[in-house]
Every structure is written in C-alpha cells, then in structure tokens.
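Novice: Using the numbering used here, the letters of the sequence shown correspond one by one to residues 8 to 294. Cβ atoms here follow ideal geometry from the backbone N, Cα and C, with glycine treated the same way.
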Amino acid sequence: MAFHQILPIIIGLFVVALLIYFVIRQKRKVRKLQVEGVGTIIQVKQLITNIQQHRGWCSAYLRGDKSVIGDIQQLQRKIAQTSLAIENQFSIKKFERWFGYSEHWKRLSASATGLTADNSFKQHTQLIGNMLYLLEDIAESHFLTKEQLGEFPEISLLWRELLQVSECVGQSRALGTGVATVKVCSRVEKIRLGFLRQKITETAEVTYAQLKENQSADNRQKLMSLIEHASKQTRYLCSVIEHELVECEQIQLDAKNYFSLATEAINSLNQIFDFKLEELESFLVKK
8 MAFHQILPII
18 IGLFVVALLI
28 YFVIRQKRKV
38 RKLQVEGVGT
48 IIQVKQLITN
58 IQQHRGWCSA
68 YLRGDKSVIG
78 DIQQLQRKIA
88 QTSLAIENQF
98 SIKKFERWFG
108 YSEHWKRLSA
118 SATGLTADNS
128 FKQHTQLIGN
138 MLYLLEDIAE
148 SHFLTKEQLG
158 EFPEISLLWR
168 ELLQVSECVG
178 QSRALGTGVA
188 TVKVCSRVEK
198 IRLGFLRQKI
208 TETAEVTYAQ
218 LKENQSADNR
228 QKLMSLIEHA
238 SKQTRYLCSV
248 IEHELVECEQ
258 IQLDAKNYFS
268 LATEAINSLN
278 QIFDFKLEEL
288 ESFLVKK
C-alpha cells in the first residue's frame, strides 16, 4: 500500500489518540477539582457548625446567662483559625459569598455580646444562610452535582435538604436556649418554634426516605443505622420543643440541657453528612 494511501489512516489514528488524550486529561482535571471541592466543603461545613453554636451561646448570653462567655470566646477563636486554614488551603477567595461571610463575621463577632437577642439571632441566621448558599456554589463549581456524579443521584440532598434540616435544628436550639434561660416563651417565639418544629419533622422524614432510597448496597446498613439515630434525635427534640417550651405553662427545662439535646440532634445529622462525604471522597479517589 502506497504512503499516500495509508496517510489518511495514520492521521485518523493520530486524531483519535489526541481526542482520547484530551478526554482523559479533562477527566483527571474534573476529578482533581471534585476532590478539592469535597475538602473545601468539609471545612466550610465545620465553619457553619461552629457559627451555629456561636448563635446558640450568644442567645443564652444575651438573655442573661453570662456563664457562657467562655464558650463564645472559644468558638470565636476556633472560627478564626478555621477561616484562615480554609483561605490558606483552598481557592475559596474566588467566591463572592466568601467575602460576604468574612466581612459580616468580622462585624458580628466584634459586637456579638452587645446586640439584642433578636438582632443577634437574625444576623447569625442571615450569615449562615449565606454560607449554605456558598456550599452550593462550591459544589457546582467543582462538578459535585448529580449531572456530573451519576453514581450519587442523592448528592443535592446533602447541600440542600439535609443541611436545611440541620439549620432548622440550629435555629430552634438558639431560640429554645434563650426561652429556657428566661423561662418565658413569648407569642412570637411560640410561633417561630412551632414553625421550626413542623419544618424539621416534615423535611427530615422526606430527606431520610430519599437518602435510603438512593443508597448503594455496600454501605446501606451503616447509613440506615445513622438515619435511625438521627430520626430518633430529631423526633425527641421536636417533642421537647412542643411539650416543654411551646405548650408549657411554666417552663422548667434547663437551658444547658436543652442546648445539649439540640446539639445531639445536629451531631446526628452531621454524622450522616460526614458519612456521605467520606463515601463520595473514597469513590473519587478510586475512580
């Protein structure tokens, strides 16, 4: 066969090889971004958890419990350290919401013990809401969506519904801790706590069911155990909110005990989140 006859075959093979090379390189680039995204999300999620705790302790402090000032100061140091570590380790500064967080937290932490309880709650909640949107931004920019991860069709549940349940519990912790501190639940607080209790109940059970439905057989038993534990914790918390805060004529509930109870519920939800993130990270490393 003459050279001019085999030349198109050689060119064709070269083009195919080039395409394969670029596809493999693109896949590696995407995988690297995905792994980095998971690492960033883990750290930002820890930051959110700490700010949620800060909101709760500030609620107690601003309603008269000055004994929690040490907890507030310790959390502020931890948040500062985590924020610095995130900026040093990850390309977080490319996100506009991160600048919003940095500026807002700087102001809030400086004035945390001088605000009204209502203003403190609103500012913390607004800040945390911004951080939850930041997590979604990170997930999208690092290809951590169900479109890119067909093996994890439930992935969006982690960034949205599951964290929404956790944040509702966090809000009920802050509000309930304040109520338990002064032993009085105002009409507005009853409405807020009642709304949060209902939202926790409805969103949690739907989210648990969807997570179970999409879980692979390999880790199904472990996830089922975590979900069962979280379901018990959130149901018990909702019962306490209803019977010992909202519908109680004379509140006897200890504020620190309530704070611990709500924290246990948040921790049980975080365990599901961490388990799914570890599962995803393991999948990406092996991929």
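How would you label D72, buried or exposed, when you count the other beta carbons within 10 angstroms and need 16 or more for buried?
Specialist: Translated into the one-based positions of the sequence shown, residue 72 becomes position 65. So D72 counts as buried.
Novice: Buried or exposed, going by whether 16 or more other CB atoms sit within 10 Å of the CB of R114?
Specialist: What you label residue 114 is simply residue 107 of the sequence shown in a count that begins at 1. Looking at its Cβ environment, which holds fewer than 16 other Cβ atoms inside 10 Å, R114 is exposed.
Novice: Relative to the C-alpha of Q133, which candidate in E288, D144, K219 and R62 has its C-alpha closest?
Specialist: As a position in the sequence shown, residue 133 is number 126, starting the count at 1. Out of E288, D144, K219 and R62, R62 has the C-alpha closest to the C-alpha of Q133.
Novice: Please name the residue in G121, S193 and I93 whose C-alpha comes closest to that of S109.
Specialist: Here the question's residue 109 lines up with position 102 in the sequence shown. That would be I93, whose Cα lies nearest to the Cα of S109.
Novice: With a cut-off of 9 Å, does the C-beta of Y215 fall near any C-beta of chain C?
Specialist: No chain C appears in this structure, which consists of one protein chain only.
Novice: Using 10 angstroms around the beta-carbon of Q178, count the other beta-carbons present and answer buried if the total reaches 16, otherwise exposed.
Specialist: As a first step, residue 178 is located in the sequence shown; it is residue number 171 there, counting from the start. With 16 or more other Cβ atoms within 10 Å, it is buried.
Novice: Would you kindly check if the distance between the Cβ of K52 and the Cβ of L170 is under 9 Å?
Specialist: Position 163 of the sequence shown, counting from 1, holds the residue named residue 170. Position 45 of the sequence shown, counting from 1, holds the residue named residue 52. Their beta carbons are under 9 Å apart, which means L170 touches K52 by this criterion.
Novice: Under three-state DSSP, which class holds L156?
Specialist: Numbered from its first residue, the sequence shown carries residue 156 at position 149. The answer is coil: DSSP assigns L156 none of H, G, I, E or B.
Novice: Can you tell me whether DSSP reads H149 as helix, strand or coil?
Specialist: Here residue 149 is taken as the residue at index 142 of the sequence shown, counted from 1. Reduced to three states, the DSSP call for H149 is coil.
Novice: Between T184 and C65, what straight-line distance do the alpha-carbon atoms span, to the nearest angstrom?
Specialist: Locating residue 184 in the sequence shown gives position 177, where the first residue counts as 1. Locating residue 65 in the sequence shown gives position 58, where the first residue counts as 1. Cα-Cα distance, rounded: 10 Å.
Novice: DSSP on K190, reduced to helix/strand/coil?
Specialist: Numbered from its first residue, the sequence shown carries residue 190 at position 183. In the structure shown, K190 sits in coil (DSSP, three-state: anything other than H, G, I, E or B).
Novice: Thinking just about the alpha-carbon of each residue, which of Q257, N221 and M138 is nearest to the one in W112?
Specialist: On the sequence shown, residue 112 is found 105 positions in, with the first residue counted as 1. Nearest C-alpha to W112: M138.
Novice: Does DSSP put C255 in a helix, in a strand, or in coil?
Specialist: Residue 255 sits at position 248 when you count from the first residue of the sequence shown. In the structure shown, C255 sits in coil (DSSP, three-state: anything other than H, G, I, E or B).
Novice: What residues in its chain sit with their C-beta under 7 Å from that of L268, if we drop five residues either side in the sequence?
Specialist: The residue labelled residue 268 in the question sits at position 261 within the sequence shown. Excluding sequence neighbours, L268 sits near L244 and V247.
Novice: Taking buried to mean at least 16 other C-beta atoms within 10 Å of its own C-beta, is T123 buried or exposed?
Specialist: In the sequence shown, counting from the first residue as 1, residue 123 sits at position 116. That one is exposed.
Novice: Could you give the C-beta distance for R194 and Y140, rounded to a whole number, given that I count them as a contact under 8 Å?
Specialist: Taking the first residue of the sequence shown as position 1, residue 194 is located at position 187. Taking the first residue of the sequence shown as position 1, residue 140 is located at position 133. 31 Å between Cβ atoms; not a contact.
Novice: Following the continuous alpha helix (DSSP H) through N274, name the residue where it begins and the one where it ends.
Specialist: Taking the first residue of the sequence shown as position 1, residue 274 is located at position 267. Looking at the DSSP string, the run of the alpha helix (DSSP H) that includes N274 is A262 to K293.
Novice: Quick check on the DSSP output: what are the complete alpha helix (DSSP H) runs of length 4 or more inside the stretch 197-253, in order along the chain?
Specialist: Listed in chain order, they are 227-247.
Novice: If you count every other CB in all the chains shown that lies within 10 Å of the CB of Q130, and 16 or more means buried, which is it?
Specialist: As a position in the sequence shown, residue 130 is number 123, starting the count at 1. The residue in question, Q130, is buried, as its Cβ has 16 or more Cβ neighbours within 10 Å.
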